[in-house]
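Have a look at the structure below before the remarks.
Protein chains: 2
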Amino acid sequence: MVLFAGQGDALRIMRLLWGAADEGVKPGPKPGLTSDDVVEAAIVVADEEGMGALSMRAVAARLGRTAMSLYTYVPGKDELVDLMYDRVMGWLPTSYELDAGWRAAIEAWAADTRRCYLRHPWVLQVSQARPVLGPGGLTAMNTLVGILRTTGLAAPELRAVVTLLTDFVRGAAQTVADARQAARSTGESDADWWAARSAALAELAPDFAERFADVVWIERSAAPVAESAPYLETQVDAMFATALGVLLDGVEARIGE
Amino acid sequence: MVLFAGQGDALRIMRLLWGAADEGVKPGPKPGLTSDDVVEAAIVVADEEGMGALSMRAVAARLGRTAMSLYTYVPGKDELVDLMYDRVMGWLPTSYELDAGWRAAIEAWAADTRRCYLRHPWVLQVSQARPVLGPGGLTAMNTLVGILRTTGLAAPELRAVVTLLTDFVRGAAQTVADARQAARSTGESDADWWAARSAALAELAPDFAERFADVVWIERSAAPVAESAPYLETQVDAMFATALGVLLDGVEARIGE
DNA sequence: TCGATCACTTTACAGCATAAAGAGTCAGGG
DNA sequence: CCCTGACTCTTTATGCTGTAAAGTGATCGA
Numbered sequence: 001m002v003l004f005a006g007q008g009d010a011l012r013i014m015r016l017l018w019g020a021a022d023e024g025v026k027p028g029p030k031p032g033l034t035s036d037d038v039v040e041a042a043i044v045v046a047d048e049e050g051m052g053a054l055s056m057r058a059v060a061a062r063l064g065r066t067a068m069s070l071y072t073y074v075p076g077k078d079e080l081v082d083l084m085y086d087r088v089m090g091w092l093p094t095s096y097e098l099d100a101g102w103r104a105a106i107e108a109w110a111a112d113t114r115r116c117y118l119r120h121p122w123v124l125q126v127s128q129a130r131p132v133l134g135p136g137g138l139t140a141m142n143t144l145v146g147i148l149r150t151t152g153l154a155a156p157e158l159r160a161v162v163t164l165l166t167d168f169v170r171g172a173a174q175t176v177a178d179a180r181q182a183a184r185s186t187g188e189s190d191a192d193w194w195a196a197r198s199a200a201l202a203e204l205a206p207d208f209a210e211r212f213a214d215v216v217w218i219e220r221s222a223a224p225v226a227e228s229a230p231y232l233e234t235q236v237d238a239m240f241a242t243a244l245g246v247l248l249d250g251v252e253a254r255i256g257e
Numbered sequence: 001m002v003l004f005a006g007q008g009d010a011l012r013i014m015r016l017l018w019g020a021a022d023e024g025v026k027p028g029p030k031p032g033l034t035s036d037d038v039v040e041a042a043i044v045v046a047d048e049e050g051m052g053a054l055s056m057r058a059v060a061a062r063l064g065r066t067a068m069s070l071y072t073y074v075p076g077k078d079e080l081v082d083l084m085y086d087r088v089m090g091w092l093p094t095s096y097e098l099d100a101g102w103r104a105a106i107e108a109w110a111a112d113t114r115r116c117y118l119r120h121p122w123v124l125q126v127s128q129a130r131p132v133l134g135p136g137g138l139t140a141m142n143t144l145v146g147i148l149r150t151t152g153l154a155a156p157e158l159r160a161v162v163t164l165l166t167d168f169v170r171g172a173a174q175t176v177a178d179a180r181q182a183a184r185s186t187g188e189s190d191a192d193w194w195a196a197r198s199a200a201l202a203e204l205a206p207d208f209a210e211r212f213a214d215v216v217w218i219e220r221s222a223a224p225v226a227e228s229a230p231y232l233e234t235q236v237d238a239m240f241a242t243a244l245g246v247l248l249d250g251v252e253a254r255i256g257e
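Residue numbers (full-length UniProt numbering), protein chains in the order written: chain A, 1 to 257; chain B, 1 to 257.
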């Protein structure tokens, strides 16, 4: 992996992100692919087999080429992932109806964004620090800020709300994605997993009910279905909506000031 | 890595998590280490060099042994990470003063939890789906729920608030941890990184100011220091406090019902 | 036609988790 | 007292990973 990206590298990846066209004719054989082809193939691999299966060899195999040939189109794997990220973020809706108010718009934004993360779970593994500064990611950010600006909140508060929203949506999606991934890769359903663990717990911590009384209480009282796995998806969807509601109540309270 | 963990494996890792003592005397040489020694050494490695540098070889080297010898004490790397996680979560405070109200208690909880994540950033890479069911993690969860129960909120809402809080604190800490990690491993400061990117942006997207007007507005208006790197840490700390305030306003609104 | 340039392949390296097999060490049973 | 089985720990090996380095052959401008 790349350990130090100098300034020249910064320009190169930015050029790729922004689709800066190559200038004139050059000697040598014509490229058989474009960097877009590589990005597209990599997204297919990551969607189908997960980020863990995304290797230069796997992407190259899908394109009928060797791993090393990809380095003609893309500086390295890190940069390829950045390009994949920006591409997917570019597929998100870029504007929301505001006639029903900012709250409804944010709810729609959250649902779309969450759906996108669940369709491409590997996106959640791209760090938010030193963000990918491509057109897709910037447009997505612009869309969210655009909705929130209509609340009339001051910029510092609004910025906090932006990170609150994105961190929450990412975290919630991450949990669902991880659960699905675990079920797929271990072949053990959530229910089986839970059954084995709770049996072991009962044996190893007989004082469980008293020692973790509050946890037991919330699990018993909040789960609509007794004996269910903790991450039953319909239950998780409802919880997402509730949590988002609490968050937006907080925003509303700040508007009242 | 382990692909399928059967029921026997579940019992074994749970026994390790709960510190179930081995029974009687056995033939063969005495073990030179305990699984706790391995976990401790692994935490030191991960704290000092990051999760990416956590390998069985590195842990073994610190203990003066070969990588394979660790498999005597721990089923595999995945399970070792679970043990590390539960150990660190067990270091968190287990009760909070409630005389000043639940809100102050949650603020203290959030500060402690965030500090713990920043001291051991690799903890954030442990998935929340199929959580580690050890005493440390369960106690931490119990502490949080215990504070929130004093709000009198109904269990389903309270559960949503729990995930909202944990997802937010984790996400916020993750961003800071990633930024620090990037600075360390690339040798490029945030300021340098930002300078190189914004120069490239100006060249590649001359219409930036109009095309991403809302993003530009919030960056200009919210940052107290002009031309500063986006993730200046004091700025991020303030944003964390503001966002937590908004979140807790939402909880308060729900209590009023 | 020549030399430069580029696409692409082959080979190689260091590092990873861990399976498999072997070496040495210690206990209880004969 | 020795043997057998169990146990710790090491050595070796397998199949992955990203990518550096060098080589092959095609294609262009001069």
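We treat Cβ as the ideally placed atom computed from N, Cα and C, and that holds for glycine. Note that the structure is a prediction, hence the values are computed from the model and not measured.
Residue range of the alpha helix (DSSP H) that includes residue i
i      : result
R103/B : W102 to R119
A42/B  : S35 to E49
G136/B : P135 to R149
D214/B : A213 to A222
L244/B : E233 to G256
V169/A : A155 to T186
V59/A  : M56 to R62
D82/B  : K77 to M89
L204/A : D190 to L204
Buried/exposed call for residue i, threshold 16 Cβ in 10 Å
i             : result
G171/B        : buried
M68/A         : exposed
P206/B        : exposed
I43/B         : buried
A105/B        : buried
G52/A         : exposed
G19/A         : exposed
residue 258/B : Any property of residue 258/B remains undetermined from this structure, which presents chain B solely from 1 to 257.
A183/A        : buried
G64/B         : exposed
E257/B        : exposed
D167/B        : buried
T94/B         : exposed
R115/A        : exposed
L98/A         : exposed
V25/B         : exposed
E203/B        : exposed
Interface partners of residue i on chain A, CB under 7 angstroms
i      : result
I218/B : V145, A155, L158 and R159
D167/B : D167, F168, G171 and A172
D99/B  : The contacting residues do not exist; D99/B stays about 19 angstroms from chain A at best.
A182/B : A129 and R130
Close-in-space but distant-in-sequence residues of the same chain around residue i (CB under 8 angstroms, 5 per side omitted)
i      : result
D249/B : none
D47/A  : R119, H120 and W122
L153/B : V161, V251, R254 and I255
The ligand GDP heavy atom lying under 8 angstroms from the CB of residue i
i     : result
G90/A : This structure lacks the ligand GDP; in fact it carries no ligand of any kind.
Under 8 angstroms from the C-beta of residue i: neighbouring residues of chain A
i      : result
W18/B  : L204 and A205
M89/B  : Going along chain A, no residue has its Cβ under 8 angstroms from M89/B, so there is no contact; the nearest lies around 13 angstroms.
R115/B : Correct list: empty, because the minimum Cβ distance to chain A is about 17 angstroms.
Own chain partners of residue i with C-beta closer than 6 angstroms, once the 5 adjacent residues on each side are dropped
i      : result
M14/B  : none
Q174/A : L124
L244/A : A110
G134/A : L17 and D86
V88/B  : H120 and V123
V74/B  : S35, V38 and L80
A108/A : Y96
Per-residue contacts from residue i into chain B (C-beta, under 7 angstroms)
i      : result
L247/A : L164, L247 and G250
T242/A : P156, E157 and A160
M141/A : V215
S189/A : Chain B residues near S189/A: none, gap ~11 angstroms exceeds 7 angstroms.
Nearest-angstrom beta carbon gap, residue j and residue i [assumed within contact, 8 angstroms]
i      : j      : result
Q235/B : D178/A : Actually they do not touch by this definition, with Cβ atoms about 30 angstroms apart.
V39/B  : L83/B  : 5 angstroms
V246/A : A160/B : 6 angstroms
L11/A  : A200/B : 5 angstroms
F212/A : L138/B : 5 angstroms
Closer than 9 angstroms at the beta carbon, the chain B residues around residue i
i      : result
T150/A : Here the premise fails: no neighbours, minimum Cβ distance about 10 angstroms.
A253/A : V246, D249, G250, E252 and A253
Cβ-based neighbour list, residue i, same chain, cut-off 7 angstroms, excluding 5 preceding and 5 following
i      : result
T66/B  : A60
V162/A : L144, V145 and L148
V45/B  : A53, L54, A58, V59 and R62
Neighbour list for residue i in chain B, Cβ cutoff strictly below 8 angstroms
i     : result
S55/A : Simply none; closest approach about 15 angstroms.
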